[in-house]
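**Q** Please see the structure below; I have some questions.
2 protein chains.
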Amino acid sequence: MARDVRPTIVDVAEYLGLSIATVSRAINDRPGVAASTRARVHEAVTELGFSPQISARRLQGRRARSISLLFPTESATVEAYDLDFVVGAAQATGERDFFFNLHLEQLGPEDLLTMYRSGLVDGVVLMQVGLRDWRAELLAEHGLPFAMIGRTEDPGGAAYIDFDFDGAITLAVEHLASLGHRRVGMVGRPPRQVRAQLGSAVRLETAFHHVCASAGLAATNVGSDLDRTSSYHAVERLLDDSAPTAIVTTHAQAAAAAVRVARARGISIPEELSIVAIGVDRVLEFLDPAPSALVFPAADLGYRAAGLVIDLVDTDVATSPTPQQLLLPAELTLRNTTANPPQ
Amino acid sequence: MARDVRPTIVDVAEYLGLSIATVSRAINDRPGVAASTRARVHEAVTELGFSPQISARRLQGRRARSISLLFPTESATVEAYDLDFVVGAAQATGERDFFFNLHLEQLGPEDLLTMYRSGLVDGVVLMQVGLRDWRAELLAEHGLPFAMIGRTEDPGGAAYIDFDFDGAITLAVEHLASLGHRRVGMVGRPPRQVRAQLGSAVRLETAFHHVCASAGLAATNVGSDLDRTSSYHAVERLLDDSAPTAIVTTHAQAAAAAVRVARARGISIPEELSIVAIGVDRVLEFLDPAPSALVFPAADLGYRAAGLVIDLVDTDVATSPTPQQLLLPAELTLRNTTANPPQ
DNA sequence: TTGTAAGCGTTATCAT
DNA sequence: ATGATAACGCTTACAA
Numbered sequence: 562m563a564r565d566v567r568p569t570i571v572d573v574a575e576y577l578g579l580s581i582a583t584v585s586r587a588i589n590d591r592p593g594v595a596a597s598t599r600a601r602v603h604e605a606v607t608e609l610g611f612s613p614q615i616s617a618r619r620l621q622g623r624r625a626r627s628i629s630l631l632f633p634t635e636s637a638t639v640e641a642y643d644l645d646f647v648v649g650a651a652q653a654t655g656e657r658d659f660f661f662n663l664h665l666e667q668l669g670p671e672d673l674l675t676m677y678r679s680g681l682v683d684g685v686v687l688m689q690v691g692l693r694d695w696r697a698e699l700l701a702e703h704g705l706p707f708a709m710i711g712r713t714e715d716p717g718g719a720a721y722i723d724f725d726f727d728g729a730i731t732l733a734v735e736h737l738a739s740l741g742h743r744r745v746g747m748v749g750r751p752p753r754q755v756r757a758q759l760g761s762a763v764r765l766e767t768a769f770h771h772v773c774a775s776a777g778l779a780a781t782n783v784g785s786d787l788d789r790t791s792s793y794h795a796v797e798r799l800l801d802d803s804a805p806t807a808i809v810t811t812h813a814q815a816a817a818a819a820v821r822v823a824r825a826r827g828i829s830i831p832e833e834l835s836i837v838a839i840g841v842d843r844v845l846e847f848l849d850p851a852p853s854a855l856v857f858p859a860a861d862l863g864y865r866a867a868g869l870v871i872d873l874v875d876t877d878v879a880t881s882p883t884p885q886q887l888l889l890p891a892e893l894t895l896r897n898t899t900a901n902p903p904q
Numbered sequence: 562m563a564r565d566v567r568p569t570i571v572d573v574a575e576y577l578g579l580s581i582a583t584v585s586r587a588i589n590d591r592p593g594v595a596a597s598t599r600a601r602v603h604e605a606v607t608e609l610g611f612s613p614q615i616s617a618r619r620l621q622g623r624r625a626r627s628i629s630l631l632f633p634t635e636s637a638t639v640e641a642y643d644l645d646f647v648v649g650a651a652q653a654t655g656e657r658d659f660f661f662n663l664h665l666e667q668l669g670p671e672d673l674l675t676m677y678r679s680g681l682v683d684g685v686v687l688m689q690v691g692l693r694d695w696r697a698e699l700l701a702e703h704g705l706p707f708a709m710i711g712r713t714e715d716p717g718g719a720a721y722i723d724f725d726f727d728g729a730i731t732l733a734v735e736h737l738a739s740l741g742h743r744r745v746g747m748v749g750r751p752p753r754q755v756r757a758q759l760g761s762a763v764r765l766e767t768a769f770h771h772v773c774a775s776a777g778l779a780a781t782n783v784g785s786d787l788d789r790t791s792s793y794h795a796v797e798r799l800l801d802d803s804a805p806t807a808i809v810t811t812h813a814q815a816a817a818a819a820v821r822v823a824r825a826r827g828i829s830i831p832e833e834l835s836i837v838a839i840g841v842d843r844v845l846e847f848l849d850p851a852p853s854a855l856v857f858p859a860a861d862l863g864y865r866a867a868g869l870v871i872d873l874v875d876t877d878v879a880t881s882p883t884p885q886q887l888l889l890p891a892e893l894t895l896r897n898t899t900a901n902p903p904q
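Protein sequence lines, in the order shown, are assigned to chains A and V. Following the working numbering, the numbering of the first sequence begins with 562 at its first residue and continues without gaps. Following the working numbering, the numbering of the second sequence begins with 562 at its first residue and continues without gaps.
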């Protein structure tokens with residue numbers, strides 16, 4: 562049953578009475594092989610069930626044609642929406658005939674370099690990027706191909722794709738201000754993310770206060786963890802402490818919690834409380850009512866980030882163009898959760 | 562900047578004035594190296610930033626230490642809960658120091674065999690397993706290591722881990738029957754899944770009719786796609802056609818839809834309609850009210866499936882024990898969405 | 001058009 | 001305890 566004997570190129574050559582050189586050329590569609598020979602080789606290949614050993618190939622200094630998504634998950638729980646990044650990245654990778662692998666572990670500097678040096682991967686996509694991120698610094702310093710989902714404070718020439726969180730907050734707040742709201746609350750990202758200086762977390766918080774100040778609104782921000790209970794409490798605290806007429810949420814559970822708390826307290830949406838969510842559509846669609854939102858195209862970001870690294874890898878170092886830096890503009894999708902505040 | 566010259570074992574050997582054989586032994590912690598030498602080698606290794614080329618290693622016939630999760634996504638949309646499998650599998654893989662890669666593409670038989678033969682992976686985890694599944698058959702036939710999340714109709718000796726859908730349906734229906742319900746509806750999996758003979762989809766449907774018949778209940782099943790709209794319509798049709806007093810849902814959007822339709826029609830839960838969901842807790846928690854459910858530990862399934870393959874790969878063929886076959890029993894988590902039917 | 005042979009970076013089997 | 005050296009399976013000059 563278990564035929565563990567994988568045929569090698571030598572077997573193919575012997576089978577055909579050819580030299581391995583010719584077989585190799587035929588297999589790789591290189592010039593200098595008679596059409597008839599080429600045909601015979603391809604036939605024999607399927608006949609014998611031969612596929613070239615990638616490792617042997619790589620030994621000649623070829624690319625591994627594989628990239629990694631580095632997605633350090635400190636907590637065991639990964640937020641659902643985050644996973645869309647993975648799907649997008651895997652899809653792009655498959656389409657370009659690369660191998661995709663996923664690292665959920667927290668890697669150290671040595672591990673990271675080893676991935677490249679050992680020839681396991683040609684490039685990586687970084688997630689959970691901090692305003693300062695040692696991974697980005699290390700890789701840039703060593704001239705190794707990588708792209709970020711998110712971006713550091715000073716990305717230099719590094720490739721990235723990021724969602725415009727500042728723009729998102731601006732749109733959200735300005736929309737609320739134009740409706741007449743004067744007291745706005747935000748359920749922010751987990752304090753731990755802010756402490757770790759995670760790019761998105763910090764930008765959301767900063768932009769919120771900044772934009773509210775510019776618009777002359779009273780702003781209160783309460784961070785919450787990503788679970789159901791913590792989110793619920795955060796919304797309650799927000800309502801109790803500053804009685805906002807509108808809430809902006811920065812993660813899915815927060816949006817769910819806002820709806821739930823409102824229902825529990827008999828607060829009607831949007832008449833008595835407006836809600837604007839920032840999040841992935843697929844998740845927000847679970848809510849009832851589905852909130853007005855700044856939709857976060859996670860799968861798309863993942864898809865494009867993977868594309869960026871692969872570009873970097875596929876391109877000859879000589880030809881290498883400036884890596885792309887993309888900031889995805891935010892757009893407000895209006896549903897029925899925002900209205901004028903109660904007078 | 563871009564030092565693309567990776568040091569090899571030869572560099573380390575020359576640097577120390579040793580032979581590559583000794584260096585190799587030291588690096589791999591093999592016996593027969595003086596402690597002092599070993600130390601010097603390790604020092605030099607970090608000094609020079611050397612890591613062994615995996616490809617060269619594999620050429621000696623070693624394992625690739627990498628497994629693949631094969632998750633064919635026909636539709637572009639992947640259901641959120643499915644992704645937990647990926648997380649679990651990636652986690653297990655990382656813990657056991659394997660490489661994890663994810664294939665979202667639909668692979669053909671040749672591609673599948675090539676993955677093994679080219680030495681890219683040592684084993685795979687199969688998702689979306691059908692009652693008859695050519696992948697399982699092919700791999701079993703060739704004696705290649707694999708495990709299934711789910712199981713075929715006749716898994717033979719193949720490793721798998723599956724959730725006990727039959728048991729889940731049984732628990733759900735019996736619970737409802739004991740509360741006095743006589744007309745029960747189910748929002749089933751997409752018809753396309755049933756047509757494709759996807760294990761879980763078929764088992765859910767079959768078990769539902771079977772169990773309801775045994776309990777003497779009127780049973781109606783309406784399949785729905787995994788999106789918001791289709792799910793909503795399915796619930797509406799269910800209510801309109803057979804006026805059930807209780808609904809069992811088989812995917813997340815269906816559960817969300819049940820709650821939404823009830824709210825829209827002013828049907829109170831659980832007084833006028835009972836709901837039991839089958840799904841991943843993380844997703845069901847978004848709902849309000851969170852329904853009574855047969856919770857599906859997706860991440861756990863993924864984790865254990867990856868463990869199964871790695872066991873298979875790590876174990877010597879000689880020692881290889883019978884592959885594990887695990888059927889995870891269903892448990893009913895009661896919340897507040899089930900009650901006696903209106904008399 | 002085809003064949004010969006020299007690597008690629010390791011590990012493993014011998015000697016020493 | 002250490003060192004030559006032959007694999008491993010393939011690609012690629014260079015010859016024929």
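By construction, the Cβ of each residue, glycine as well, lies at the ideal position given by its N, Cα and C atoms.
Unbroken beta strand (DSSP E) runs of length 3 or more, entirely within the region 750 to 835 of chain A: which are they?
**A** Counting whole runs of 3 or more residues, the region 750 to 835 of chain A contains the beta strand (DSSP E) stretches 779 to 784, 807 to 810.
**Q** Let me make sure I understand the geometry here. Which of V/V602, V/P852, V/F659 has the alpha-carbon closest to that of V/S580?
**A** Residue numbering aside, residue 580 of chain V sits at position 19 when the second sequence is read from its first letter. V/S580 has its Cα closest to that of V/V602, out of V/V602, V/P852, V/F659.
**Q** So V/F646 is in the alpha helix (DSSP H); what residue range does that whole segment cover?
**A** Numbered from 1 along the second sequence, position 85 holds the residue referred to as residue 646 of chain V. It spans 643 to 656 - the alpha helix (DSSP H) in which V/F646 sits, taken as one unbroken run.
**Q** In three-state DSSP terms, what is A/D723?
**A** Residue numbering aside, residue 723 of chain A sits at position 162 when the first sequence is read from its first letter. Here A/D723 sits in strand by DSSP.
**Q** If contact is defined by three or more beta carbon pairs under 8 Å, each pair taking one atom from either stretch, is the region 727 to 745 of chain V in contact with the region 884 to 903 of chain V?
**A** yes
**Q** Can you list the residues of chain A that V/E735 reaches, using a CB-CB cut of under 7 Å?
**A** Within the second sequence, numbered from 1, the residue matching residue 735 of chain V stands at position 174. None at all; the shortest Cβ gap to chain A is about 28 Å.
**Q** State the DSSP-derived secondary structure class of V/H603, mapped to helix, strand or coil.
**A** Indexing the second sequence from 1 puts residue 603 of chain V at position 42. It is helical.
**Q** Listed in chain order, which residues of the region 810 to 825 of chain V have Cβ atoms closer than 8 Å to some Cβ of chain A?
**A** A813, Q814, A817, V820, R821, R824
**Q** Tell me which residues share the same chain as A/F661 and place their Cβ nearer than 6 Å to its Cβ, disregarding the 5 neighbours each side in the sequence.
**A** By one-based count along the first sequence, residue 661 of chain A stands at place 100. Only A651, T654 meet the Cβ criterion.
**Q** Between the Cα of A/E608 and those of A/T569, A/F847, A/Q614, A/L765, spot the shortest distance and give me the residue it belongs to.
**A** The count along the first sequence starts at 1 and reaches residue 608 of chain A at position 47. Answer by Cα proximity: A/T569.
**Q** Cβ of A/P858 within 8 Å of Cβ of A/T898?
**A** Reading the first sequence from its first residue, position 297 is the one you call residue 858 of chain A. Reading the first sequence from its first residue, position 337 is the one you call residue 898 of chain A. Going by C-beta atoms, A/P858 is not nearer than 8 Å to A/T898.
**Q** By Cβ distance, which residues of its chain are closer than 8 Å to V/P890, with the 5 residues on each side in sequence left out?
**A** Position 329 of the second sequence holds residue 890 of chain V. Excluding residues within five positions, the ones whose Cβ falls inside 8 Å are D725, G728.
**Q** From V/G578 to A/G760, what distance separates their C-alpha atoms?
**A** Within the second sequence, numbered from 1, the residue matching residue 578 of chain V stands at position 17. Within the first sequence, numbered from 1, the residue matching residue 760 of chain A stands at position 199. When rounded, the distance between both Cα atoms is 48 Å.
**Q** Return the Cβ separation of A/L692 and A/V763 in integer angstroms, given the expectation that the two are a contact with Cβ distance under 8 Å.
**A** As a working mapping, residue 692 of chain A is identified with position 131 in the first sequence. As a working mapping, residue 763 of chain A is identified with position 202 in the first sequence. Yes, they are in contact, since the Cβ atoms of A/L692 and A/V763 sit about 6 Å apart, within 8 Å.
**Q** Residues of chain A with a CB under 8 Å from the CB of V/I615: which are they?
**A** For the purposes of this step, residue 615 of chain V is identified with residue 54 of the second sequence, where counting begins at 1. S616, S679, G680, L681, listed in chain order.
**Q** So A/V783 and A/G749 are supposed to be a Cβ contact under 8 Å. How far apart are they, rounded?
**A** In the first sequence, counting from the first residue as 1, residue 783 of chain A sits at position 222. In the first sequence, counting from the first residue as 1, residue 749 of chain A sits at position 188. Sure, about 7 Å apart at Cβ, within 8 Å.
**Q** Exposed or buried, A/G704, counting other C-beta atoms within 10 Å across all chains shown (16 or more means buried)?
**A** Position 143 of the first sequence, counted from the first residue, corresponds to residue 704 of chain A. Classification for A/G704: exposed.
**Q** Strictly under 8 Å for the Cβ-Cβ distance: is A/D849 near chain V by that measure?
**A** Mapped onto the first sequence, residue 849 of chain A falls at position 288. Yes, A/D849 lies at the interface with chain V (some Cβ there is under 8 Å from its Cβ).
**Q** Please confirm whether A/R619 has its beta-carbon closer than 8 Å to some beta-carbon of chain V.
**A** Position 58 of the first sequence, counting from 1, holds the residue named residue 619 of chain A. Chain V contact via Cβ: present.
**Q** By Cβ distance below 8 Å, which residues in the same chain neighbour A/T598 in space, the five residues on each side in sequence not counted?
**A** As a working mapping, residue 598 of chain A is identified with position 37 in the first sequence. Taken in chain order, the residues that qualify are L579, T583, A587.
**Q** Can you find at least 3 beta carbon pairs, one from the region 787 to 803 of chain V and one from the region 812 to 831 of chain V, that sit closer than 8 Å?
**A** Output reads yes: the region 812 to 831 of chain V touches the region 787 to 803 of chain V.
**Q** Do you know offhand how far V/S959's Cα is from V/A807's?
**A** Outside the shown range of chain V, which is 562 to 904, sits residue 959 of chain V, and nothing can be said about it.
**Q** Going by beta-carbon coordinates alone, are V/A854 and V/G863 separated by less than 8 Å?
**A** The residue given as residue 854 of chain V occupies position 293 in the second sequence. The residue given as residue 863 of chain V occupies position 302 in the second sequence. No, Cβ-Cβ distance for V/A854 and V/G863 is not below 8 Å.
**Q** Roughly how many angstroms lie between the CA atoms of A/T713 and A/I722, to the nearest whole one?
**A** On the first sequence, residue 713 of chain A is found 152 positions in, with the first residue counted as 1. On the first sequence, residue 722 of chain A is found 161 positions in, with the first residue counted as 1. Those two C-alpha atoms are separated by around 11 Å.
**Q** Can you tell me whether A/G711 is buried or exposed, with buried defined as 16 or more other CB within 10 angstroms of its CB?
**A** To locate residue 711 of chain A, count along the first sequence from 1; it is residue 150. So A/G711 counts as buried.
**Q** The beta strand (DSSP E) spanning A/E863 covers which residue range?
**A** Translated into the one-based positions of the first sequence, residue 863 of chain A becomes position 302. According to the sequence shown, residue 863 of chain A is Gly rather than Glu. Where A/G863 is concerned, there is no enclosing beta strand (DSSP E), although the alpha helix (DSSP H) it sits in stretches over 859 to 875.
**Q** Name the two residues that bound the continuous alpha helix (DSSP H) containing V/H664.
**A** Locating residue 664 of chain V in the second sequence gives position 103, counting from the first residue. First-last for V/H664: 660 to 664, but that is the beta strand (DSSP E), not the alpha helix (DSSP H).
**Q** Please report the residue range of the alpha helix (DSSP H) in which A/M676 lies.
**A** Counted from its first residue, the first sequence places residue 676 of chain A at position 115. It spans 670 to 678 - the alpha helix (DSSP H) in which A/M676 sits, taken as one unbroken run.
**Q** Quick check on V/T731: buried or exposed, where buried means 16 or more other Cβ atoms within 10 Å of its Cβ?
**A** Taking the second sequence and counting its residues from 1, the one referred to as residue 731 of chain V is at position 170. Buried, because 16 or more other Cβ atoms sit within 10 Å of the Cβ of V/T731.
**Q** Could you run through the region 639 to 670 of chain V and flag, in chain order, every residue whose CB is less than 7 Å away from some CB of chain A?
**A** V639, A641, L644, V647, V648, A651, Q652, G655, F660, F661, N662, L663, H664, L665, E666
**Q** Find the residues of chain V that neighbour A/T894, judging by a C-beta separation of less than 9 Å, and give them in chain order.
**A** Mapped onto the first sequence, residue 894 of chain A falls at position 333. Here the premise fails: no neighbours, minimum Cβ distance about 14 Å.
**Q** Please name the residue, chosen from V/E604, V/Q758, V/F847, V/A768, that lies closest to V/V734 on a Cα-to-Cα basis.
**A** The residue given as residue 734 of chain V occupies position 173 in the second sequence. Closest option to V/V734, Cα to Cα, is V/A768.
**Q** Tell me the DSSP secondary structure of A/P884 in three-state form.
**A** The residue you call residue 884 of chain A lines up with position 323 of the first sequence. A/P884: coil per DSSP, three-state reduction.
**Q** Please report the distance separating the alpha-carbon of A/L848 from that of A/A776.
**A** Numbered from its first residue, the first sequence carries residue 848 of chain A at position 287. Numbered from its first residue, the first sequence carries residue 776 of chain A at position 215. Their Cα atoms are separated by approximately 29 Å.
**Q** Run down chain A in chain order and give the residues with a C-beta less than 8 Å from the C-beta of V/S612.
**A** Position 51 of the second sequence, counted from the start, is the residue given in the question as residue 612 of chain V. Correct list: L674, T675, R678, S679.
**Q** Leaving aside the five residues before and after V/R624 along the sequence, list all residues of the same chain whose C-beta is less than 7 Å from its C-beta, in chain order.
**A** Here residue 624 of chain V corresponds to residue number 63 of the second sequence, with the count starting at 1. Once the five neighbours on either side are set aside, the close Cβ partners of V/R624 are D683, V874.
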